[in-house]
Structure formats: structure tokens, C-alpha cells
Ligand code: UD1
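Numbering (the numbering used here), first residue to last: 168 to 588.
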């Protein structure tokens, strides 16, 4: 992957028009890649893998454990040998919270794992307690020692695990652990995200009889070993939403191609409620707007609710609505930090606890702003596209974790963008 720029200069005010292809889902590809660890002397081949910094971090992590990863275009081949290392390196794990997804498969397959507590986007406290409690219920011995998780087990045992919250990562980790456990595991109050269903599909292709994915109870009967498989990563609904909002916020019309609208109902419903016109044709979705949006209320929730990963982008669009909007961030306890940067461009937003009250303004002015995390960075780019004059968006390394070809895609829609560094 080429070195990506840290700073983007955007001349706002151009209405974006055109069609972009949707990349493969980052949040589906990461757990699926981690599932390769469950193989012994086997190969997981994947199609539709997006080329992103987070995906490269997972490649490095799997390689460090002993797998051999070949990533070519959007095809990936992960060869997993008989023996794997069980210590994960701190410098890779700290780069990305999703590194924790190797914990379940490592313990299940190797009987041991050492995982320094992971990093990633700073979105409030993001503990791993649900993951660890679930693994303990399956018989793993878990200790927290000097900032790292030490997990050890003989063969894990199937168990009934009720999650306190439908955590995406905990559901994924426990599904992977259950695949090699002895007996049947029930994950109750499981996450229902499409990315969970994608992981389940690929586990099934590897020989694991997973049932109930996409519902709140997932049932997995463990098997002694899994086999090589070839799977496909689903399209990225968060990337697609970001481009649809780019069309709406600039009062243009953007079509995203290669995704089913069924994945995006909550987002499309809210855009329509705010006055955008949504058109669905086969695997293409178009969002357009030719005037200001109306103020609306949005609450982020686990799937099928409105995704927290689209909250900053939706907030960007609502800064220019007529009237007042309310956004309640209920998934993470500190995911409203982007608001200070929004205000530099003239947005009017008040925050009370995890609720943002947005008073729409008729126009935004270009400014120099900095990304604090992946989706906040995407939202600042959207604001800059809509603002009058020139904006500089810096700290783009956050954005490259999740958007492949962003500059080229936006330019193809008519955006005026240059970059540095
Ligand atoms: C995944 C996504 C992330 C998305 C999030 C919510 C990936 C790689 N990342 O993150 O983009 O924003 O889902 O849709 O797929 N929690 C605990 N204890 C735990 C686990 C989670 O308290 O053990 C809390 C978190 O702090 C948060 C909430 O549960 O408040 C949801 O987190 P979770 O669904 O686990 O998010 P991730 O899997 O980390």
C-alpha cells in the first residue's frame, strides 16, 4: 500500500454527482481473517477484501503468529501452519482494537493466548470484559497481568453465554472460540450485524455448523477441526453511507453500487426522514437532495438500529439542516469529541452527556480541522466538501484505516481535492 497523505485540502461547494463502487467491509474482513487461526495446516481464501491500513495490520498480526498471507488486489490467501505463536506483539495490537479478535481463535486452537490490551479509535472506555467472561465460561483461565490478557485452556467447553450487551467483537470472538469447543455453545443477546452473518457464513464454509446468526441466539456445535475454505467479504455499509451523505450534504446526487439496501435500512430511513430522496435499483442506491435537509432525531443502536459508525457523518449532514436535530449516541460513551472540530467550520452544536443538539445553519465556512478518529475524519471531509471556501483536514492516518481510494472516489464525483504529506 502506498504511503497515504496526512493532509487534504478541499475546495468546498461543488455538488457531487456520479457513481462509486462500494469496497468490501472492513468490519467483516477483520474477524473473518482472524478466523483463519482456527485452521491447522489449512488455507482460507477470501475475495472482496478492502486494502486498508487496518487490514494490513491484521495481515502483519497473522504473519507474526506464523501464518503466511498473500494479499493481491482484493484477494487474500492465508496459509496457516500446524504450529502458531500464541504471543501477540504489543506494537501491532496497540494499533487497532480489532486485534482482540485473535484471542478467541488462538485460545480455542492453541490452548493459550497472550494479548496486550488493544488500541484503535478512542471512543470512550472499550473494555474486553464480555469477551473474557465468555471465554472463562467456556473453561478458559483468564488473568490480567501488567496490561495484557493471559488466557489458557485445554479444549474449550460449549456453554450458554448471555452477553450483557450485544457487543459485535465479543459475539465474533466467542463464535470463533465455540467453533472448536467440545459440545454446543449458545450465545444469547448476540450482536445481529451483517458482519456477524458474514463471519458465520465463512465458518460454515470451514465446516462449523453455526445456526441463528442474525438473530439474538447463535448456536454453534463445536467440531475437532475445521478445513480450508474460500469465502467472500460483504460490501461495506459504512463506506456506502459516507458517500450517500456526501451526495446529500453537497446537494448533489451520489449512487453507490454493489450493496443491498437491506443492509442499510436504518440509515436510508433517516436520510429520507430528513428530506433526501432515496432511489433503489438492484444493487445501486442513490441519495440526492437539492435543498436543505429537515432537522431530525437519531439514536445510535446495535443493528438493525442506526449505526454508531455513521453518527459523525449524519451529524455533519444535519449541521446544514433547517431546524434543530438531536443525536443520541447510545453505543459509545464518548463518541461526540468531533464536535469541537465541527464548530470551527461554523456548526452550532450543544452537548449534554451523550446527546448532541444541532441547530442547523445556512452555510459553513472552510477551516483547518483535524481528525480524531476514523469516522470523525470522514465527517470532517464531508463538512469540508459542503463548506464555502477552502478547508484543510489533517491527521488523515485515521481515515486510511477505513476508506480505500477515498480521494480518487471523491474526485470522480467532482470534488476538488489536493493533498500533502
Ligand atoms: C465494532 C466495530 C466498530 C463499531 C462497533 C459498534 C469492528 C472491527 N469494529 O467494534 O466499528 O463502532 O462494533 O457497532 O467491527 N463493550 C463492553 N465490554 C466488552 C465489549 C464491548 O463494555 O467486552 C461496550 C463498548 O465499550 C461499547 C459497546 O459495548 O460501548 C459496543 O461495543 P462493541 O459492539 O463490542 O464494539 P467493537 O466490537 O469494539
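From the three backbone atoms N, C-alpha and C, an ideal C-beta is built for every residue, glycine too.
Inset, instruction - Quick one: residues in its chain with C-beta nearer than 6 Å to the C-beta of residue 439, no 5 flanking neighbours on either side, listed in chain order? - result: Counting from one through the chain shown, the residue named residue 439 turns up at place 272. Once the five neighbours on either side are set aside, the close Cβ partners of residue 439 are 445.
| Identify the residues that DSSP records as bridge partners of residue 492: which are they? | Walking along the chain shown from the start, residue 492 turns up at place 325. When beta bridges are read from the DSSP output, residue 492 appears opposite 525.
What are the residues that DSSP puts in a beta bridge with residue 558? Along the chain shown, read from residue 1 onward, the residue named residue 558 stands at position 391. Residue 558 is bridged to 177.
Round the Cβ separation of residue 562 and residue 544 to the nearest angstrom and send it over; I've been treating them as touching at under 8 Å.
Reading the chain shown from its first residue, position 395 is the one you call residue 562. Reading the chain shown from its first residue, position 377 is the one you call residue 544. 7 Å between Cβ atoms; contact.
**Asked** Is it the case that the CB of residue 264 approaches a heavy atom of the ligand UD1 more closely than 7 Å?
**Response** Position 97 of the chain shown, counted from the first residue, corresponds to residue 264. Yes, the ligand UD1 has a heavy atom inside 7 Å of this Cβ.
Quiz prompt | Option in 415, 414, 413, 408 with minimal Cα separation from residue 425 | solution = Working through the chain shown from its first residue, we reach residue 425 at position 258. Considering only alpha carbons, the answer is 408.
Assign residue 489 to one of two classes, buried (16 or more other C-beta atoms within 10 Å of its C-beta) or exposed (fewer than that). Taking the chain shown and counting its residues from 1, one reaches residue 489 at position 322. Label assigned to residue 489: exposed.
Open item on the list: Excluding the 5 residues flanking residue 450 on each side, which residues of the same chain have their C-beta closer than 8 Å to its C-beta?
Closed with: For this step, residue 450 is matched to residue 283 along the chain shown. If you ignore the 5 residues before and after residue 450, its C-beta comes within less than 8 Å of the C-beta of 424, 425, 426, 427, all in its own chain and listed in chain order.
- Query: Are residue 389 and residue 346 closer than 8 Å when you measure CB to CB?
  - Reply: Taking the first residue of the chain shown as position 1, residue 389 is located at position 222. Taking the first residue of the chain shown as position 1, residue 346 is located at position 179. It is a contact, given that the beta carbons lie within the stated cut-off.
Taking only three categories from DSSP, how would you classify residue 135?
For the chain, the structure presents residues 168 to 588; residue 135 sits outside this window and is missing.
Let me check understanding here. Comparing Cα to Cα, which of 340, 380, 531, 204 lies closest to residue 253? Start at 1 with the first residue of the chain shown, and residue 253 comes out as number 86. If we check each option's Cα against that of residue 253, 204 comes out closest.
- Given 8 Å, three or more beta-carbon pairs between the region 359 to 368 and the region 468 to 477: Inter-segment contact for the region 359 to 368 and the region 468 to 477 is present: three or more beta-carbon pairs are separated by less than 8 Å.
DSSP beta-bridge partners for residue 184?
Along the chain shown, read from residue 1 onward, the residue named residue 184 stands at position 17. The partner list for residue 184 (beta bridge, DSSP) reads 420.
- Message: For the ligand UD1, I want to know if residue 558 counts as a neighbour, meaning its beta carbon is within less than 7 Å of at least one of the ligand's heavy atoms.
- Response: Position 391 of the chain shown, counting from 1, holds the residue named residue 558. For the ligand UD1, not one heavy atom lies less than 7 Å from the Cβ of residue 558.
Item to check | In DSSP terms, what residue 308 is bridged to | outcome: Here residue 308 corresponds to residue number 141 of the chain shown, with the count starting at 1. Looking at the DSSP assignment, residue 308 forms a beta bridge with 319.
Query raised in the report: Assuming residue 202 contacts residue 366 under a Cβ cut-off of 8 Å, what Cβ separation, rounded to an integer in Å, is found between them?
Result: Counted from its first residue, the chain shown places residue 202 at position 35. Counted from its first residue, the chain shown places residue 366 at position 199. Correct: roughly 7 Å between the Cβ atoms.
Fill in: C-alpha distance - residue 228 paired with residue 256, whole-angstrom precision
What you label residue 228 is simply residue 61 of the chain shown in a count that begins at 1. What you label residue 256 is simply residue 89 of the chain shown in a count that begins at 1. Rounded to whole angstroms, residue 228 and residue 256 show a C-alpha spacing of 8 Å.
Check your understanding: Just to check, is the beta-carbon of residue 522 closer than 7 Å to a non-hydrogen atom of the ligand UD1?
Key -> Here residue 522 is taken as the residue at index 355 of the chain shown, counted from 1. No - the ligand UD1 has no heavy atom lying nearer than 7 Å to the Cβ of residue 522.
query: On the three-state DSSP scale, how would you describe residue 338?
result: Within the chain shown, the letter at position 171 stands for residue 338. Three-state result, residue 338: helix.
**OP:** Give the straight-line distance between the Cα atoms of residue 520 and residue 509, rounded to the nearest whole angstrom.
**Re:** Along the chain shown, read from residue 1 onward, the residue named residue 520 stands at position 353. Along the chain shown, read from residue 1 onward, the residue named residue 509 stands at position 342. Going by the C-alpha atoms only, they are around 18 Å apart.
What's the gap between the Cα of residue 482 and the Cα of residue 546? Position 315 of the chain shown, counting from 1, holds the residue named residue 482. Position 379 of the chain shown, counting from 1, holds the residue named residue 546. Here the alpha carbon of residue 482 sits roughly 8 Å from the alpha carbon of residue 546.
Residue 388, enclosing beta strand (DSSP E) - first and last residue: Residue numbering aside, residue 388 sits at position 221 when the chain shown is read from its first letter. Start and end: 384 to 388.
Q.
For residue 330 and residue 170, what's the separation of their Cα atoms in angstroms?
A. Locating residue 330 in the chain shown gives position 163, where the first residue counts as 1. Locating residue 170 in the chain shown gives position 3, where the first residue counts as 1. Within the model, the alpha-carbon separation for residue 330 versus residue 170 is close to 40 Å.
Proximity test, residue 316 beta-carbon vs the ligand UD1 heavy atom, cut-off 7 Å: To locate residue 316, count along the chain shown from 1; it is residue 149. The answer is no for residue 316.
From what residue to what residue does the beta strand (DSSP E) around residue 515 run?
Stepping through the chain shown from its first residue, residue 515 is reached at position 348. Residue 515 -> beta strand (DSSP E) spans 515 to 519.
*From what residue to what residue does the beta strand (DSSP E) around residue 511 run?*
Mapped onto the chain shown, residue 511 falls at position 344. If you look at residue 511, you'll find it isn't in any beta strand (DSSP E); it sits in the alpha helix (DSSP H) that goes 506 to 511.
| Segment limits, beta strand (DSSP E) that includes residue 246 | Along the chain shown, read from residue 1 onward, the residue named residue 246 stands at position 79. Per DSSP, residue 246 belongs to the beta strand (DSSP E) from 242 to 247.
ask   = When the distance is taken between beta carbons, is residue 323 closer than 8 Å to residue 275?
value = Translated into the one-based positions of the chain shown, residue 275 becomes position 108. Translated into the one-based positions of the chain shown, residue 323 becomes position 156. For residue 275 and residue 323, yes; Cβs fall inside 8 Å.
Measure the CB-CB distance between residue 400 and residue 234 and report whether it falls below 8 Å.
For the purposes of this step, residue 400 is identified with residue 233 of the chain shown, where counting begins at 1. For the purposes of this step, residue 234 is identified with residue 67 of the chain shown, where counting begins at 1. In this structure, residue 234 does not lie closer than 8 Å to residue 400 by Cβ.
Check your understanding: When the Cα of residue 259 is compared with those of 249, 282, 241, which residue comes out closest?
Key -> Start at 1 with the first residue of the chain shown, and residue 259 comes out as number 92. Residue 259 has its Cα closest to that of 282, out of 249, 282, 241.
Between the alpha carbons of residue 247 and residue 456, how many angstroms are there, rounded? The count along the chain shown starts at 1 and reaches residue 247 at position 80. The count along the chain shown starts at 1 and reaches residue 456 at position 289. So the alpha carbons of these two residues sit roughly 49 Å apart.
Subject >> Between the CA atoms of residue 432 and residue 460 - distance to the nearest angstrom >> reply: Residue mapping note: residue 460 aligns to position 293 of the chain shown, counting from 1. Residue mapping note: residue 432 aligns to position 265 of the chain shown, counting from 1. Each residue's Cα considered, the two are about 18 Å apart.
Could you pull out every residue in the same chain whose Cβ sits closer than 6 Å to the Cβ of residue 249, ignoring the five residues on either side in sequence? Translated into the one-based positions of the chain shown, residue 249 becomes position 82. If we look at residue 249 and ignore the five residues flanking it on each side, its Cβ neighbours are 207, 208.
Exercise. Among 269, 430, 421, 335, which residue has its Cα nearest to the Cα of residue 590?
Worked result: Here the chain comprises residues numbered 168 to 588, so residue 590 is not present and cannot be evaluated.
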